[in-house]
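Participant: Residue 1086 in UniProt numbering sits at position 1086 of the sequence shown, and the numbers go up by one each step.
Where a beta carbon is used, it is the ideal one built from N, C-alpha and C, also for glycine.
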Amino acid sequence: MKLKSLEISGFKSFADKTKIEFKPGMTGIVGPNGSGKSNVIEAIRWVMGEQSAKGLRGEKMQDVIFGGTSKRSPLNRAEVTIVFDNSDHYLKTDFTEIRISRRLYRSGESNYLINGQDVRLRDIVELFMDTGLGRESFSIISQGRVEAIFNSKAEDRRTIIEEVAGVYKYKQNKERAQKELKQTQENLDRVEDILQEVASRIEPLSQQAAIAQDYLGQKQRYDALEKSRLVIEIDEYSTVQANNANKADQLKTIIDKQQKDVNHKLQQLKQLKQSQQLLHQRRDQIQAKLVTLAQTTERLNGLQNITAEREQTRTSSIKELTNSLQETALSLKQAENDLKNKKAELSNQQAKIKQVETELADLSEQTVTSRIEQLQAEVAKTEAAHLAELKLQVTVQNEVQNAVNNLKQVTNNGTDVQAQLTAIKDKLAHAQAEQKTLEQQLVHAQTEQQKVQTEFENVTAAYQVAHNQQKQHRQAWLDGLAVAKQAQARLESLQAMDNEYTGYYQGVRNLMRHREKFPEIAGTVADLLNVPAEFSKAIEVALGSALQQVVVANEQVAKNAVQFLTKQRLGRVTFLPINVIKGRSLSAQQLGLITNIEGFQGVASDLVTCGNKYSKILTHLLGTTVIASDLDSATTIAQAGQHHFKIVTIDGQIINPGGSITGGAQRNDNNGVLQQKTEIEQLTQAVATMKVELAKSEATVQDFERQVGELTEMGTAKRSELAICNENAQILISKVKLANENEQHLQQQVHQLLQQQQSFDDNINNLTQTGTDNKVRLTTIEENISKLQTKIVLAKDEINKLSQSQNALSEQIFAKREWLAGQRATGTALMNDITSLKQQVAQLYKNQQQLEQRLALFSAGGDELEQARERAQRELVVAQQDYQQATRDLATIKDELGQIEIAIQSLEQQLEHLQSTQSLSQQELSTLNSQLARNSALLEQAQQQLTEEYDLTIEAAKLELVNMPIDEIKTQLKLIKRGLDELGDVNLNSITEYQEVSNRHEFLSKQQADLIAARDNLFTTMAEMDNEVSKRFETTFNAVAGQFNDIFGRMFGGGKAELRLTDPSNLLTTGIDIMAQPPGKKFQQMSLLSGGEKALTAITLLFSILAVRPVPFAILDETEAALDDANVTRFAQYLHTFENDTQFIVITHRKGTMVNADMLYGITMQESGISKLVAVNLADIKQ
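#1: Please report the straight-line C-alpha distance between V1111 and E1139, rounded to a whole angstrom.
#2: Are the beta-carbon atoms of L225 and I969 separated by less than 8 angstroms?
#3: Per DSSP, which residues does K846 bridge with? Please list them.
#4: Taking the alpha-carbon positions, what's the Q178 to F1019 distance?
#5: Check the C-beta distance from T524 over to Q486 and give it rounded, since I have them as a contact under 8 angstroms.
#6: Where do the ends of the beta strand (DSSP E) carrying M26 lie?
#7: Tell me the rounded alpha-carbon separation between D773 and Q397.
#8: Considering only residues of the same chain and omitting the five flanking positions on each side of D123, which have a CB-CB separation below 8 angstroms?
#9: Report the rounded CA-to-CA distance for R706 versus Q915, giving the unit in angstroms.
#10: At what residue ranges does the stretch 540–626 contain a whole run of the beta strand (DSSP E), taking only runs of 3 or more?
#11: To which residues does DSSP link I655 through a beta bridge?
#12: Taking the CB atoms as reference points, tell me whether V701 and Q880 lie closer together than 8 angstroms.
#13: Assuming E154 contacts T1062 (C-beta within less than 8 angstroms), just tell me the rounded distance between them.
#14: What runs of the beta strand (DSSP E), each 3 residues or longer, lie entirely inside the stretch 857–937?
#15: Contact check, N742 vs I424 under 8 angstroms by CB: the rounded distance?
#16: Ignore the nearest five residues each way along the sequence and tell me which others in L732's own chain have a CB closer than 7 angstroms to its CB.
#17: Taking D1073 as part of the beta strand (DSSP E), name the residues at either end of that continuous run.
#18: Excluding the 5 residues flanking S9 on each side, which residues of the same chain have their C-beta closer than 6 angstroms to its C-beta?
#19: May I ask which residues mark the beginning and end of the beta strand (DSSP E) holding residue 1184?
#20: Which residue from K37, A1114 and G25 puts its Cα closest to that of F11?
#21: Please go through the same chain and pick out, in chain order, the residues whose beta-carbon is closer than 6 angstroms to the beta-carbon of E42, but skip the five residues on each side of it.
#22: If we call anything under 8 angstroms between Cβ atoms a contact, is L230 one with A1013?
#23: Would you give the residue range spanned by the beta strand (DSSP E) that R45 belongs to?
#24: With 16 other CB atoms within 10 Å as the buried threshold, where does D1117 fall?
#25: Indicate the three-state DSSP secondary structure (helix, strand or coil) for R1015 in the structure shown.
#26: For D85, which of helix, strand or coil comes out of DSSP?
#27: Under 8 angstroms Cβ to Cβ from A245, same chain only, skipping five residues before and after it: list those, please.
#28: Would you mind reading off the limits of the beta strand (DSSP E) that contains G523?
#29: Would DSSP call F1144 helix, strand or coil?
#30: Please report the Cβ distance between T624 and F645, rounded to the nearest whole angstrom; I am assuming they are in contact, meaning their Cβ atoms lie under 8 angstroms.
#31: Have a look at I1145, E783, F1003 and D761 and flag the residue whose alpha-carbon is nearest the alpha-carbon of T415.
#32: Do you know how far the Cα of K92 is from the Cα of D85?
#33: In whole angstroms, what is the alpha-carbon distance linking E378 and S836?
#34: Give the secondary structure of Y112 by DSSP, where H, G and I count as helix, E and B as strand, and everything else as coil.
#35: Give every residue of the same chain whose Cβ lies closer than 6 angstroms to the Cβ of L290, excluding the five residues on either side of it in the sequence, and list them in chain order.
#36: In the DSSP assignment, find the unbroken beta strand (DSSP E) run with Q1133 in it and report its ends.
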């Protein structure tokens, strides 16, 4: 495995995206202090999972994000990506290349990625666990780590060997096992404590259970008789319930009908939502089809544009080729005419030469010396050669001119091709720019799409939260409304009972119902007293039946009332005339004896208030009654007062004058007159408070309903916006694809034009070479002509001297000969011209054929382009028609969706109205039930006793009715009650408690056995892990120790070194001492060495570890800083011994290390606060 690259963006001083590629061998990173070298190492540690901000030289983790400079703003994100070549699967994963990324935002949000997939930090840690890599492994070695080796204690050094041995996971497992063992032992101790407690309870509970069984037998007989008594008393009141029950049944029928209506509406709503869902699916399908059709339309339009451009290019090329072909044809025709004329001229000349030769043969030269003839022959020959050279010169000059003309023509054609190439390149650049713009638009569209998607999800989540809260608050409001209705019904019931004097004696009740006949009746004692809630029970007990006594103005009113009751036979009443009743009170002496006793609450008359005119009544009834906090305090007060007055406790126990005690409690102790009035006051306040809270709750429900409505509208808008974004993104994807195809086509055109340009360049080179060769020939010819001219001049001078004596015949012969020589030279020149013209005609024929072939090639492609254009046009028409039809279908579906949404909204409103109506009906039913309770107030005590004590209905109790007269039932009840009292307090729960404790004892015993087994298993597992750790530690230590001694000698140039265990008998805790003997010194502890020797010894130990367990790469952060130059060179050179197994990245300031590096990266700060990277491949320089 190798480290391939590191990408840093926004991390500390690396504000710009920086990529560092690591090659095999040793890579050096250099730079001045503060330039950001160490930030590279910290970026590697950070991306590999470093969690300590202080370890990265920061206060908090957000400090690693680029913080800005005077010229640059801070960044909001830091990202580091490290890439590994895992083709050897050194890391246990199927990937051959692993790309690990870590991002951190200023908001604190961060994430890890492996090959683009989100992972946890734990996944990255586990990926590197026991591989020799990771943020704390020996793959990253700093100067501080080297110092820690020779500064740490012997016990701390063992962690070095443990890391190499790969026992980290065993130590983690052992720590978990120790925690589990501790928890198991704690559980075992707790179980043993509970077992002891449970065992101590079993025997007492068995005795109590036996007594309880006896008690239950007698109690069963008592309960049967008591239930019969209650049934007989209840029957006479049952008729009243029938009418109210009928009303309740009718109301339930109404509620059932309302529920059916609600269910029907819910079914309709479900069907509408299903239809809405189907329409949404159809809409999405049509929108997808529209996107596909838009893509097809864009592609076909682009194809037509490309076809038009190709046709334009083809037409232009045909026109240019046609022009070139016409020019070539004209040149060919001109050359053929020239050739024909030259041939005719040569034929005429040859006939004249033949005639002159005949004439010359007839002439006889009488006086021509041999010398003149010889000279004349030489002159003729030389002049012929001179003339031939002149003709050849003209021919070569013509060839040069023809080559220049051809070169000009080819150059013009090349210029046209170059112009076309420039135009196509411009189009290509424009197409690339347009493609880049489209890609940017696509990125923007996708970003906007993601943004809208996120907003839609946020709105949906907010809607769900608001909807749930609305339902919760609405349900809470309905629940509160029901509770308030029940409280209101209870209050109305109590008020009605109070107004009707329910619970009072018959005489009092009948008198108060006719109160208007006696205006001087003040009211009952209960009506006139104001009793604090905490003393209501005590005053209720203290007054007893006196609460129902009637206060009147005088005796006459009392007599009139008695007469009325007697005459109407309405019952008996006790009257308290205000004018005759005298108050009573305790003496000062008695008060002095009891006032300071703990638990003394006060005299009852002082604790209760009433009108001033009724004060005598108050003191008459309560002036000699004392209220105490509890029975113990009452007993103390009674003893102090010598049992001369009544004492009542707050919970209703009584010590009567004389010392008798009355006490106990009943199940229905809260039904007294005063307590009923207290309950009315409390309920009045509670109902008022409930109304206020319900109003607030209803307002809250309305607020949430408004929020739900707003969020629904926002969701609909965002859904539409998201659909538009998706459609735009798909269209842009099609445009980008089409732009890519256009770019590829333009690239092909560029390639074709470059081939044409290369062909023209080859022709130009050939013509240029031909022109150069002809120029060389022309120079040679000119030199020959100059020599021949000189020779002719010399020969003619000599002939002139010899010819002065010649006669006219000689002159005639000479003239003819001279003419003949000239004509022969002219014939030679004509023959050369003919040869040149033949070559020119052949070349023009060749050029004409090439142009005709190219013209045929371009002409042949026209039909194909036209067919492609027509085919694209037909497909475009079909696609446009399909697009228009799909658009109409989409509009129809949107209309249908709108109608369905309106119908759903209407149906939801109807459903809400029905549910509200149903809720009101249920509330009315609840009120009717409360009325049933109020109407059955006379039955309440008996029914409550029957229900609470025996959990029976009236009907069920009738089935168990004992066939016995009521008087005999009461006698039997007294006898059985006496027997139950003799049993005393009985713990009825002891029966089930005994069974539960027995079962629990058995269960805990099993738990104890399981915990002991688990503890033993943990001990066994820990022993196995200790054994494995010891073996690995010993093996690794011996291997490292052997390498340490060997490498020490090579690093120091001699000497020896040794690793020793401080306690070889205990490999789990033993420390490690380092003994060293540099050359020329004694064998001693490493702590006694010099600073540089310590550092080199520690580095030697690190090299030993790498030799035992090579790692794919190692990062050294100024580890050689403490070494001298010689040792630095030795250190750097020794790194190359590992280069086959380990890739080194070295941060250094030392020249010796830099020189030995294969690749050198420089970190600079050209801009203040911004780190930049400069790379030099030293391996290439060394070669």
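Facilitator: The short version:
#1: C-alpha separation (whole angstroms): 11 angstroms.
#2: L225 places its beta carbon less than 8 angstroms from that of I969.
#3: DSSP, once it has assigned bridges, lists no residue as partnering K846.
#4: Q178 and F1019 have their C-alpha atoms roughly 9 angstroms apart.
#5: For a cut-off of 8 angstroms, the C-beta gap from T524 to Q486 is around 28 angstroms, too long to register as a contact.
#6: M26 to V30 is the span of the beta strand (DSSP E), which, as asked, contains M26.
#7: D773 and Q397: Cα-Cα distance of roughly 12 angstroms.
#8: These residues qualify, in order along the chain: Y112 and I114.
#9: In this model, R706 and Q915 are separated by some 18 angstroms (Cα to Cα).
#10: The qualifying runs are 550–552, 575–577 and 600–603.
#11: Beta-bridge pairing links I655 to I647 and I661.
#12: With a cutoff of 8 angstroms on beta-carbon distance, V701 and Q880 are scored as not near each other.
#13: It should be pointed out that residue 154 corresponds to Ala in this sequence rather than to Glu. 5 angstroms between Cβ atoms; contact.
#14: Within the stretch 857–937, no complete beta strand (DSSP E) run reaches 3 residues.
#15: At roughly 12 angstroms, the Cβ-Cβ gap does not stay under 8 angstroms, so N742 and I424 are not in contact.
#16: Contacts found: L438, Q441, L442 and A445.
#17: Run containing D1073: I1072 to Q1077, per the beta strand (DSSP E) assignment.
#18: Excluding residues up to 5 positions away in sequence, K17 and E79 lie with their Cβ nearer than 6 angstroms to the Cβ of S9 in the same chain.
#19: Residue 1184 cannot be examined here, being either before or after the span of the chain that is shown, 1 to 1183.
#20: Comparing Cα positions, the closest option is K37.
#21: Around E42: L56.
#22: Their beta carbons are not under 8 angstroms apart, which means L230 does not touch A1013 by this criterion.
#23: Per DSSP, R45 is not a residue of any beta strand (DSSP E); the alpha helix (DSSP H) it occupies stretches across K37 to V47.
#24: Counting Cβ neighbours within 10 Å, D1117 comes out buried, since at least 16 surround it.
#25: In the structure shown, R1015 sits in a helix (DSSP, three-state: H, G or I).
#26: Secondary structure at D85: strand, using DSSP grouped into helix, strand and coil.
#27: Within the same chain, A245 has close Cβ partners L932.
#28: For G523, the enclosing beta strand (DSSP E) starts and ends at I521 to T524.
#29: Looking at F1144 - three-state DSSP - the assignment turns out to be strand.
#30: Right, their Cβ atoms sit about 5 angstroms apart.
#31: If you compare the alpha carbons of I1145, E783, F1003 and D761 with that of T415, the shortest gap goes to D761.
#32: The alpha-carbon of D85 is positioned some 13 angstroms away from that of K92.
#33: Linking E378 to S836 through their CA atoms gives a straight-line distance of about 29 angstroms.
#34: DSSP places Y112 in strand when its eight states are reduced to three.
#35: If the five residues before and after L290 are omitted, its C-beta is found closer than 6 angstroms to the C-beta atoms of A886, all from its own chain and listed in chain order.
#36: Per DSSP, Q1133 is not a residue of any beta strand (DSSP E); the alpha helix (DSSP H) it occupies stretches across D1125 to L1135.
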